Amino acid sequence: MEVLEKKYPVDAKDYKLYEEIGEGVSATVFRALCIPFNEVVAIKILDLERCNNDLVDLDMSIVLRVLKVVFV
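Counting from 1 along the sequence shown, just add 77 to a position and that's the residue number in my numbering.
The structure is reproduced here in structure tokens:
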């Protein structure tokens, strides 16, 4: 059986941020609504000023990563 991967939008306008749910050394995670899918997700936002990585080495695919979160 083929599993289709859902393609989440990468434009900030497609998300409504709610509260902060976590913070690390170089990123903050927010609970958010993915408006096109009407799904609650977690958005990890990197703070490039706090990040120790050189921008040339930074894989831009991780700048915005959308992870589905189940809230119980």
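Where a beta carbon is used, it is the ideal one built from N, C-alpha and C, also for glycine. All values derive from a computational prediction rather than experimental measurement.
Count the other C-beta atoms from every protein chain shown that fall within 10 angstroms of the C-beta of residue i, then say buried if there are 16 or more, exposed otherwise.
i	result
Tyr92	buried
Ala109	buried
Tell me where the beta strand (DSSP E) around residue i begins and ends.
i	result
Ile122	Glu116 to Leu123
Arg108	Ala104 to Cys111
Gly99	Tyr92 to Glu100
Compute the Euclidean distance between the alpha carbons of residue i and residue j, then round it to the nearest angstrom.
i	j	result
Phe114	Val102	30 Å
Val117	Glu79	25 Å
Pro86	Tyr95	17 Å
Glu126	Asp88	21 Å
Phe107	Lys90	15 Å
To which residues of the same chain is residue i closer than 8 Å at the C-beta, ignoring the five residues directly before and after it?
i	result
Thr105	Glu97, Gly99, Lys121, Ile122 and Asp124
Beta-carbon within less than 7 Å of residue i's beta-carbon, same chain only, minus the 5 sequence neighbours each way: which residues are those?
i	result
Ile112	Asp91, Tyr92 and Lys93
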